[in-house]
Every structure is written in structure tokens, then in C-alpha cells.
Amino acid sequence: MMSDTPLLDTTALTGLVDDLVEHGWCVAQGLIDPALCLTLQRELNDLAERDALSAAGIGRGEAHELRRDIRGDAIHWLNRESLPQRQYLAAMDTLQHALNIELYLGLFEFEAHFAQYPPGSFYQKHVDSFRGRANRVISTVLYLNPDWPDDGGGEMAIFDPATPERELARIRPEAGTFVCFLSDTVPHEVLPTRLPRASIAGWFRRNASLNGLVDPAR
Ligand code: OGA
Ligand code: MN
8 MMSDTPLLDT TALTGLVDDL VEHGWCVAQG LIDPALCLTL QRELNDLAER DALSAAGIGR
68 GEAHELRRDI RGDAIHWLNR ESLPQRQYLA AMDTLQHALN IELYLGLFEF EAHFAQYPPG
128 SFYQKHVDSF RGRANRVIST VLYLNPDWPD DGGGEMAIFD PATPERELAR IRPEAGTFVC
188 FLSDTVPHEV LPTRLPRASI AGWFRRNASL NGLVDPAR
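Rendered as C-alpha cells:
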């Protein structure tokens, strides 16, 4: 696979990595090519129309359960079935190399799903992995909603890892906005959305399943 791709603006990578090191989270605009954001949005709409999304649950394996009171999105795992998916995964491959070079994280794998939050849905405050049993290391979210209105809701709230009651930022899910953060330390929440809300959530992983334990939330 190409190590570099015009689908990802490599000049934005240094600032992104610096922010991640300093704060544990970062927001980038314009990292992913706007045309690719559009084709990904169309693909998610097509998947929804073809009934190819499934209700997202919490917990892995036998502990997996639907909890609409905790999260209300419908998802579809990226599996390289389309060109936009392969292009997005190639862009994340470039990011993975940059993170490995700058942070020595030993990331080796990326998994991601499309997510659609219907009006009224949300995802309660959570972290994406638990320290000590974490093989999800860095979380990513790319938003796919062109012209998201000010009163659309559906922001992602980011909380202080040291003081989880303290909100640090509220990020509008506008197309092209890309967020990444440390999976085991940064609490975050999807506020109730007023409009259908489209995104791709993804995780860079290490191959470190400890005692056969893997992360929840898939
Ligand atoms: C998740 C998640 C945030 C978002 O899927 O784990 O926190 O803004 N998503 O979609
Ligand atoms: Mn999350």
C-alpha cells in the first residue's frame, strides 16, 4: 500500500501529533480530502437505504447487549468493499505510520465503523478502552455531515481525563472535522442529535490481548 496519499494532508500531521502528546486529544480540519468525505457520506446513506446498518451494542462477545439508553447509533464495519472505504483506510494507514514514528506506539491495526445516529439518539459519556486490558490505543472520529446547523445538536463533548466532570470541548460533527484521542483516558460523549448524524469511528490497536481479554464496545 502507498505510504502517502493525497487523500490525507500530510502537512497537518505534525500539529496533530503534537496536540495528541500534549493534551491527549486533538481536532483537525481539512486532514481528510473533502471529496472523500462526500463519497463516504453517500456510501453511508446507501448502506442505510439498503438496510445494511445494525444497531450498535455495548460489550464484547457474550457480554454484548443492546442498550438504547446508553448508545443509539446504527453501524456498519468497514471491510474494504468499496473504493471510498479503501481510500479512507489508506489515509488512516498514513496516520498510523506517523503515530508510530513520533510516539513509538507500536500500533499495527485499524478497525472502523460507519455510524448513523438517528434524531434523538446519543452515546453516554464513556472511554473506549480500559487501562490494563486495552488493545485500543488511539480513537478516531471523522464526521460526514455537510452544513451541520448550529442548533443541530449531536456535538461530541470531550472531558478532562484528570477531572472527568470538567468539559474541555464540544465538537460540531461538521463534514471534514477529524478528532483523535487516547482510547483509555479521554472521557467523551455524543450529545443528543436533532438530525441524522453520520460519522466513522475508528481505533488503532496493539496486538495485546491480555489473558484473552479484549476491549468492550464492539
Ligand atoms: C464511539 C464514539 C463519538 C462520535 O463510537 O465510541 O464515542 O462523535 N463516537 O461519534
Ligand atoms: Mn467512544
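Residue numbers for the sequence shown follow the numbering used here, so the first one is 8 and each next one is one higher.
Cβ atoms here follow ideal geometry from the backbone N, Cα and C, with glycine treated the same way.
Three CB pairs or more closer than 8 Å across the region 86-98 and the region 69-76: Between the region 86-98 and the region 69-76 there are fewer than three inter-stretch CB-CB distances shorter than 8 Å, so the stretches are not counted as touching.
Specify, as a first and last residue, the run of the alpha helix (DSSP H) that Ala42 falls within. From DSSP, the alpha helix (DSSP H) with Ala42 extends over 41-56.
Go ahead and pull the three-state DSSP assignment for Val197. DSSP places Val197 in strand when its eight states are reduced to three.
Which term fits Ser61, buried or exposed, when burial requires 16 or more other beta carbons within 10 angstroms of its beta carbon? Exposed, since its Cβ has fewer than 16 Cβ neighbours within 10 Å.
Helix, strand or coil: which one does DSSP assign to Asn107? Correct three-state label for Asn107: helix.
For a quick check, are the C-beta atoms of Asp53 and Leu14 less than 8 Å apart? In terms of Cβ geometry, Asp53 and Leu14 do not form a close pair [threshold 8 Å].
Same chain, Cβ closer than 7 Å to Arg143, five either side skipped, listed in chain order: Contacts found: Asp135, Ser136, Ser190, Trp210, Arg212, Asp222.
According to the Cβ coordinates, are His120 and Ala182 closer than 8 Å? No. Outside cutoff.
Within the chosen definition, does the region 151-166 reach the region 43-59 through at least 3 CB pairs nearer than 8 Å? Contact between the region 151-166 and the region 43-59 is present, with at least three C-beta pairs closer than 8 Å.
Taking only heavy atoms of the ligand OGA into account, decide whether any of them is closer than 7 Å to the Cβ of Ala164. Ala164: no, Cβ never under 7 Å from the ligand OGA.
Between Ser146 and the ligand MN, is there a pair consisting of the residue's CB and a ligand heavy atom that are separated by less than 7 Å? Within the cutoff, so yes.
Is it the case that the CB of His195 approaches a heavy atom of the ligand OGA more closely than 7 Å? Distances taken from the Cβ of His195 to the heavy atoms of the ligand OGA include one shorter than 7 Å.
Straight-line CA distance for Gln36 to Phe117? Straight-line Cα distance between these residues: approximately 21 Å.
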